[in-house]
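Sequence order for the protein chains is A and B.
Position 158 of the first sequence, counted from 1, bears residue number 158 in the working numbering, the numbering being contiguous throughout.
Position 42 of the second sequence, counted from 1, bears residue number 42 in the working numbering, the numbering being contiguous throughout.
Beneath this line is the structure, given in structure tokens, with notes to follow.
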Amino acid sequence: MTRAAFLLLTVVSAGVAASAADIPLGERKSGYDFMAPETRAMQDDDTANPAMLWVLDGETLWQRREGSAGKSCADCHGDARTSMKGVAARYPAFNAARARPVDLGERINICRTEQQRATPLAFESKELLALAAYIGQQSRGMPIEIADDARMRPFLQAGQDMFTGRQGQLNLSCAQCHDDNWGQKLAGAAIPQGHPTGYPLYRLEWQTLGSLQRRLRNCLFGMRAVSYPYGAPDYINLELYLMWRARGMRVETPAVRP
Amino acid sequence: MARALINVPPKAKRGEVIEIKTLISHTMETGFRPDNTGKPIPRDIITDFVCKYNGQEIFRAELFPAIAANPFLTFFTVATESGTLSFEWTGDSGFSATESVNISVE
Numbered sequence: 001m002t003r004a005a006f007l008l009l010t011v012v013s014a015g016v017a018a019s020a021a022d023i024p025l026g027e028r029k030s031g032y033d034f035m036a037p038e039t040r041a042m043q044d045d046d047t048a049n050p051a052m053l054w055v056l057d058g059e060t061l062w063q064r065r066e067g068s069a070g071k072s073c074a075d076c077h078g079d080a081r082t083s084m085k086g087v088a089a090r091y092p093a094f095n096a097a098r099a100r101p102v103d104l105g106e107r108i109n110i111c112r113t114e115q116q117r118a119t120p121l122a123f124e125s126k127e128l129l130a131l132a133a134y135i136g137q138q139s140r141g142m143p144i145e146i147a148d149d150a151r152m153r154p155f156l157q158a159g160q161d162m163f164t165g166r167q168g169q170l171n172l173s174c175a176q177c178h179d180d181n182w183g184q185k186l187a188g189a190a191i192p193q194g195h196p197t198g199y200p201l202y203r204l205e206w207q208t209l210g211s212l213q214r215r216l217r218n219c220l221f222g223m224r225a226v227s228y229p230y231g232a233p234d235y236i237n238l239e240l241y242l243m244w245r246a247r248g249m250r251v252e253t254p255a256v257r258p
Numbered sequence: 001m002a003r004a005l006i007n008v009p010p011k012a013k014r015g016e017v018i019e020i021k022t023l024i025s026h027t028m029e030t031g032f033r034p035d036n037t038g039k040p041i042p043r044d045i046i047t048d049f050v051c052k053y054n055g056q057e058i059f060r061a062e063l064f065p066a067i068a069a070n071p072f073l074t075f076f077t078v079a080t081e082s083g084t085l086s087f088e089w090t091g092d093s094g095f096s097a098t099e100s101v102n103i104s105v106e
């Protein structure tokens, strides 16, 4: 398939209506493209990328038996390198039992509570981030692909409304920075397009690994808007919209950002 | 046990300058930050790093609170003979971690 035909197909199957201010699909850039060469080098070399420390932990956790069922992730899913390939590229995904989309972290906790019969891992805990990073790494280089599912439409629309709607004391929308003014500087830092291609990622400012929800809270704080508690449906909708907006872009997990 | 990532070329020519990269997981808590109750969080950092090549010290570093979490140290040495490079990190509260890798020199 030619690139043009592929793009056309993507537009036709689009889950929500494209607005005029949307970045054309061919002009989308990952946050990686806005980084300094030194930061890129960190991400490119697996022995210099600090996020790989979490991936190694995740590999160990994958094998560890947990909960009253005494099962490990590997007991059901086998070798993550094959069974988890491409999984992170299609999350958030629709969960029929809950009748709403769930993100990868929530999916891990569903497995923990329902299959392993263990207590769910806390949001932003080292273990949850490690597992998400390990699972995410198996999709590295694969295109992000959010299923075009009619059941997801209302959530995708809600995510888009949140992205384009003004909020907070500064009366800003996500789109004003990430659609209209990407590439410009905000207090000396480049404004990226806001594609979540590498989560969970190691942010130098945090000096640790963090989830997309943590990053979204960061933006909301900057907008002087109310941030939601971790796991709130508002975040899942926004995550869903952002992943759909980044459809076709390559997964970089675990990425490094400044 | 802290996780560490070491990058040493497995093979080198005699006399060749090789780059060694080391990365270790550590919070590097400065001791200057308060916790939620306003009490200072005690300092917890790596204070020393030593690299030995077949038992002989080739690189040493002292680390301080201003160094970021998960310290990444990279340095160079001359590949002289086949053998083992050993790495040791020591720090506050009895922190100690060791790693070693083999190198073959032709």
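Quick reminder that beta carbons are idealized off the backbone N, C-alpha and C, glycines included.
With respect to A79/B, V50/B sits apart: the two C-beta atoms are not nearer than 7 angstroms. At least one C-beta of chain B is nearer than 7 angstroms to the C-beta of A48/A. Residue burial annotation: I41/B is exposed, with fewer than 16 other C-beta atoms found within 10 angstroms of its C-beta. As summarised for the stretch 192–256 of chain A, the continuous alpha helix (DSSP H) elements at least 4 residues long and confined to that stretch are 212–222 and 233–245, given in chain order. Excluding residues up to 5 positions away in sequence, nothing lies with its Cβ nearer than 6 angstroms to the Cβ of R245/A in the same chain.
Counting only runs that start and end inside the stretch 93–131 of chain A, the beta strand (DSSP E) elements of at least 3 residues fall at 93–95 and 100–102. For S83/A, the enclosing alpha helix (DSSP H) begins and ends at A80 to S83. Ranked by Cα distance from S173/A, the options P200/A, R224/A and A150/A are led by R224/A.
W182/A carries a coil assignment under DSSP once its states are collapsed to helix, strand and coil. When the beta-carbon positions are compared, G198/A and A255/A come within less than 7 angstroms of each other. Using beta-carbon distances, S25/B counts as an interface residue toward chain A, with a partner under 7 angstroms.
The Cβ atoms of I46/B and H26/B lie closer than 7 angstroms to each other. Chain-order list of chain B residues neighbouring L56/A: R3, by C-beta distance under 7 angstroms.
Boundaries of the alpha helix (DSSP H) around L61/A: M52 to Q63.
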